[in-house]
Amino acid sequence: MALSMDQIYEEILRDGGETPSKKVRETAQRFPDMIAMRYKEYGIWQETTYENFWLKSNYLGMALRHFGVSKGDSVAIHSENRPEWFIADIGIQSMGFVSVGLYPTNPSPEVKYLLSHSESKILFAEDQEQVDKALEVIDDLPGLNKIIYFEERGLYNYDHPKLMKFEEFLEIGKAEYEAYPTCVDEQLDAIEDEDLAFLVYTSGTTGPPKGSMISHGNIKWVGSQIPNFSLVKSVIATNPQFLSYLPLCHIFGRLTDLLIATHTHATINFAESIDTVQMDLVEIQPTIFPAVPRILERMHAGAMVRMKDATFLKKQLFTISMYFGNLGAERKIEKGFDDMIAKFYISIGWLLAFRTLKKKLGLSKAETAISGAAPIAPEILKFFLALGVPIFEGYGMTENCAYATGNNDEKMKLGTVGVPNHGVEIKLAEDGEILVKSPAVFKGYFKDEEATKECVDEDGWLYTGDVGVFDGEFLKIVDRKKDIIITSGGKNVSPQEIENKIKISPFIKDALVIGDKRKFLSVLIAIEFETVSNWALRKNIAHTTYRDLSEKKEVKDLVWGEILKANAETSSLEIRKFSMIPKELDHEDGEMTATQKIKRNVLMEKFSDIIEEMYS
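According to the numbering used here, the residues represented by the sequence shown are 2 to 617, in order.
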């Protein structure tokens, strides 16, 4: 049985929001046969009902109890998105334990740090790759009692006393559950708002990651605000479908995949792998599409490149569609999303070319998308709005459960992150730093009182580290406070604004603007290898590796042309020189965070010789 949106909203208003664990239990009791999760097994979609989801979570929680995990103890999950991740997370939180997510790309030293710092007693590891990382450092983790692995492939001959198959672990929990079937319910009902639900470790762009303590009360309150999410209200009809691919150990993935999805009785579809996300999108065509800027930038770049290679007729149809789509986008922003003329313009684009394009992008049923985690160029937002898929950019951070501001179908202004969300207070410090106050503000950093005091004052104001300005009631992010460039001439420059302009190019993957205490601005460029490679092949430019391609004179000329376009469109100082980054940036090499943000300080140091050459 599917509920109407009116029924869902009545529930949320009545209950005042709940934790994901309680929502899963409630749905399992009321609609046991409702599909909770879909995943592929040998290329065939398999389904898990809410009843089965809740029962397996119960088994898992009881197994954790069997192996000595107590209320307040930490349990870690090191895996890509998959049903077992959800089962583990809900099972952990239902018992009053603390869930700790690790990025699949975390290398072994980071795994050691995170497991040690969080004092995790049990680790759920996806497969051989993640098990190997843990076993490499296990002698330094005396408090880690068990490593439970989801996939047995490659582990048949492993013989370590702390290793156990996921299925065997659940069987132990099943026996415990049958002996004490009310235990999980009792533990769940005894949880208080101040109790910790999970730790979310920051990406660690500077220094070691810090563990943000998110309470059950934090999550409940954000859940209670779902009726105020106009974008959710407008797009989720009966049988809502989500695609889970954003890292679940990141607050944004947690907010969308677990909180919003469980509150709306949605079906979560898991991407087959991180490499198949685009194909999975096309197959699933989700109702609502949460995305980070990098994903949207790649989709935009792919569409632009596809049009460059299209037939003359398709190019003309695309051009006409963009013309009417842009007219519609501009009217929606000015007149509102219910404006009939705006809808008419966008429908013309849909009939001519965009219907097919939206389907190829996997967005034919997604009338909206949510963008978070980092700013995105307004030009890309306008492209998707013209396509008929408005992207509502919001602002938040781990420390306030990613809930601070947002654009919506009632109030939207490109280039801003929207207006303060319901129940959120925002003000600017004298130096422009954004301060946020709401019941979503976290409990502090785990085992770091000093950092907590620096971040949250006595009145509950969260110091975000971001600099912003108000454009009327709309908030605009200038940049990270620590990233603002001050040139030798005293000019303040936001590198992020310029970088986003440059990254609009389908040929440029990443850009790092340099110029602090320098006479002029320069930029390090990482090319989009696949796109540039295809371009080079069409130009008969032979190449082999990424480095070889990036060193080609023709490619450098191409990149400089894209930089000049950005120069013409930015209000800041223009870029005068550039250099190519000679390798693809990688999280495991310490050059990027797990959420694909560049680590400025690392790159500045690593490529210091290239930088100095530009200024010599």
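For glycine and all other residues, C-beta sits at the position ideal for the given N, C-alpha and C.
Close beta carbons around residue i, own chain, < 6 angstroms, minus the five adjacent residues each side
i, result
"Lys163", "Lys147 and Ile148"
"Phe151", "Glu85, Glu127 and Phe167"
"Gln597", "Arg295"
"Ile486", "Val494, Pro496, Gly516 and Asp517"
"Gln47", "Tyr40"
"Gly624", "With the chain running from 2 to 617 in the structure shown, residue 624 is simply not present."
"Ala567", "Lys502 and Ile503"
Paired residues, beta bridge with residue i - DSSP
i, result
"Gln47", "Tyr40"
"Asn541", "Paired residue(s): none; Asn541 is not in a bridge."
"Pro291", "Ile371"
"Gln279", "Paired residues: none, contrary to the question."
"Ala267", "Answer is none; Ala267 lacks a bridge partner."
"Leu522", "Ile576"
"Met35", "None, per the DSSP bridge assignment."
"Ala512", "Ile526"
"His79", "Leu103 and Ala126"
"Tyr202", "Gly212"
"Ile599", "Met593"
Proximal residues to residue i (C-beta, below 7 angstroms), its chain only, five neighbours per side dropped
i, result
"Trp561", "Phe579"
"Ile478", "Pro376, Tyr396, Val418, Asp467 and Gly469"
"Ala330", "Lys383, Leu386 and Ala387"
"Ala343", "Gly329, Arg332, Lys333 and Lys336"
"Arg255", "Leu249"
"Ile68", "According to the sequence as given, residue 68 is Phe; it is not Ile. So the list reads Ile123, Asn146 and Lys147, once near-sequence residues are dropped."
"Lys428", "Leu436"
Where residue i falls: helix, strand or coil (DSSP)
i, result
"Glu592", "coil"
"Arg577", "strand"
"Val442", "coil"
"Met96", "coil"
"Glu434", "strand"
"Gln131", "helix"
"Ser609", "helix"
"Tyr60", "helix"
"Val533", "helix"
"Gln242", "strand"
"Phe253", "helix"
"Leu550", "helix"
"Tyr1", "As displayed, the chain neither begins before 2 nor continues past 617, which places residue 1 out of reach and without an answer."
"Gly102", "strand"
"Val70", "coil"
"Ser121", "strand"
"Leu604", "helix"
"Lys448", "coil"
"Lys113", "helix"
"Lys147", "strand"
"Leu358", "helix"
"Leu364", "coil"
"Leu136", "helix"
Option in the options with minimal Cα separation from residue i
i, options, result
"Ala512", "Pro248, Phe98, Glu592 and Arg31", "Glu592"
"Lys336", "Val390, Met280, Met413 and Val293", "Met413"
"Gly389", "Pro379, Leu358 and Asp196", "Leu358"
"Glu42", "Ala569, Asn270 and Ile289", "Asn270"
"Tyr60", "Asp90, Lys448 and Arg83", "Asp90"
"Gly44", "Lys504, Leu565, Ala272 and Thr268", "Ala272"
"Gln497", "Lys316, Glu474, Gly491 and Val524", "Val524"
"Phe521", "Tyr40, Ala354, Ser489 and Asp34", "Ser489"
"Leu171", "Leu362, Asn53 and Asp34", "Asn53"
"Ile564", "Lys510, Met35 and Met165", "Lys510"
"Phe475", "Ile435, Lys566 and Asp74", "Ile435"
"Pro507", "Arg548, Leu559, Gly473 and Cys456", "Leu559"
"Lys72", "Leu145, Ala37, Met35 and Glu193", "Glu193"
"Val293", "Ala370, Phe345 and Glu459", "Ala370"
"Tyr202", "Glu614, Cys402 and Leu538", "Cys402"
Cβ-heavy atom distance, residue i to the ligand ATP, below 8 angstroms
i, result
"Pro182", "Annotation note on the ligand ATP: not contained in the displayed structure, which lists no ligands."
Proximal residues to residue i (C-beta, below 8 angstroms), its chain only, five neighbours per side dropped
i, result
"Leu189", "Ser22, Lys23, Arg26, Ser95, Met96 and Gly97"
"His423", "Gln226 and Asn229"
"Asp141", "Lys113 and Ser117"
"Lys540", "Glu555"
"Ile612", "Ile515, Ser523, Leu525, Ser580 and Met605"
Beta carbon proximity, residue i to chain D, threshold 9 angstroms
i, result
"Leu282", "Absence of chain D from the displayed structure is noted, only one protein chain being present."
Entirely within the segment 453 to 510 and at least 3 residues each: give me those beta strand (DSSP E) ranges in chain order.
463 to 472 and 475 to 481
Alpha helix (DSSP H) segments (min. 4 residues) lying fully within the segment 366 to 430
379 to 388
Could you give the uninterrupted runs of the beta strand (DSSP E) lying entirely in the segment 149 to 192, keeping only those of 3 residues or more?
164 to 166
My parser needs the alpha helix (DSSP H) runs of 4 or more residues fully inside the segment 302 to 353; what are they?
313 to 336 and 341 to 350
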